[in-house]
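280 is the number that this note's numbering gives to position 224 of the sequence shown; each next residue is one higher, with no gaps. Ideal Cβ placement from N, Cα and C applies to all residues, glycine included. First comes the structure, then the notes that go with it.
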Amino acid sequence: MLPGLGAAFANETPGVQAPAAAQTFEGSIALLKSIGALEVHYDVAAVADYRLIPNLLEPHGAAWELVFASDPMVLVYNPSVAAFAGLNTTNWAARLQSPGVLLGVANASIDPLGYAQIFALELAESAGSGVANASSLYRHFYSGAPGSLATPDPATTRIAPEADAAALVESGTVSAFLIYRSYALSTHLSYVALPWTVDMGSTNQTALARYATATTQIEGSAGLQRVTGSPILFAVTVPTSAPDPALGQLFVAYLLSPSTRTVLSHAGFTPIFPAWADHTSALPAVLGALAAPLPGPLAAGIG
């Protein structure tokens, strides 16, 4: 979705170009670590977990972030897989555990999609999910107790980057992939929606409390790091090392504009406006009127 927005922004802004070579799409954790180490320089950085910019870039690599959209998890699948005949919102967990079904999973230590997939399976398996036949769903695909380092089972999973999900599902290399709704829509893959108890797409207090019951560990620079379930919230910033910070700010303003919010909505995101800022006082003037403080319960989840 964001590649298309970059091109649209360039088309609508005189003197601006957004060639594909100037855009990078990779796991949010790996991207921010590269920016923080001054290995790469971007005018804008967007991530799929609002907690990453404060934890990995601020205060030296960035001064603020804006949370601009939520995006629930869905299950994309190859409809030619026999086990998925008649797949729907009530039988997906049972069908996913059918013999021969392979689930594509991302590397949780470099991409928040990876731990969001783990959380979705843990939440489906837990009491109160409303998901039938899910009592051993997480353990079907991962070894390691919930809350510990989750190791994908090679008999039922294939580790693959998010960018390859569509090609892998369409080719039958994997049978299914838990992924963001926006990705499913942009790639025109068949998908099944998940209940709010599992999809991490809600931001109310009940949802926050439920999502926080899911935990896992990932490999960090100082050893294993605990990560807790949270709503999937996309956030953006202009790094302090940006080659053209004014241009970066202009793109963020474009991202929050009414027309772009409509585009995001049609693409599967749920836009948030005013955008939620972790540090409103640090925002550049061009963005101040487009933001409101990050809600307290979400701010408490940072760190």
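Among the options, which residue has its Cα nearest to the Cα of residue i?
i    : options                   : result
A162 : A216, L179 and A141       : A216
V230 : A345, A221, Y236 and S238 : A221
G142 : A347, Y247 and A240       : Y247
V103 : A66, A291 and D334        : A291
G62  : L94, D99, I91 and K89     : D99
S136 : A323, G160 and L245       : L245
G344 : D334, N189, F197 and T145 : D334
P168 : T316, E68, R266 and P287  : P287
L306 : S297, T318 and T293       : T293
A249 : N67, A164 and A180        : A180
R395 : A164, T262, L346 and L88  : This structure cannot speak to residue 395, because the chain is shown only from 57 to 359.
E121 : L312, R317, V319 and S321 : L312
L241 : T259, A265 and L131       : L131
N134 : Y106, P349 and E226       : E226
In whole angstroms, give me the CA-to-CA distance for residue i and residue j.
i    : j    : result
T284 : S126 : 17 Å
V187 : A149 : 7 Å
F329 : P301 : 22 Å
Y194 : A101 : 32 Å
L177 : F140 : 18 Å
N147 : S185 : 13 Å
I358 : P115 : 13 Å
S337 : A309 : 17 Å
L339 : A119 : 8 Å
G203 : A270 : 7 Å
T316 : S191 : 41 Å
If I follow the unbroken beta strand (DSSP E) through residue i, where does it start and stop?
i    : result
E275 : T271 to G276
V132 : M129 to Y133
P349 : A347 to P349
L234 : A232 to Y236
L122 : L122 to S126
Tell whether a beta-carbon distance below 8 Å holds between residue i and residue j.
i    : j    : result
V123 : W252 : no
Y174 : A86  : The question names Tyr, but residue 174 is Ile in the sequence shown. Not a contact, by the Cβ cut-off of 8 Å.
T272 : A183 : no
M256 : P128 : yes
I91  : P314 : no
S238 : G324 : yes
I'd like the span of the alpha helix (DSSP H) that includes residue i, first residue to last.
i    : result
W332 : Here W332 belongs to no alpha helix (DSSP H); instead the beta strand (DSSP E) covers T326 to A333.
A355 : G352 to A355
Which parts of the segment 244-316 are runs of the beta strand (DSSP E), unbroken and 3 residues or longer, counting only runs that do not cross its ends? 246-249, 271-276, 279-284 and 289-293
Of all the beta strand (DSSP E) runs that stay within the bounds of the segment 148-221, which reach a length of 3 or more residues? For the segment 148-221, whole beta strand (DSSP E) runs of length 3 or above, ordered along the chain, are 159-161 and 213-215.
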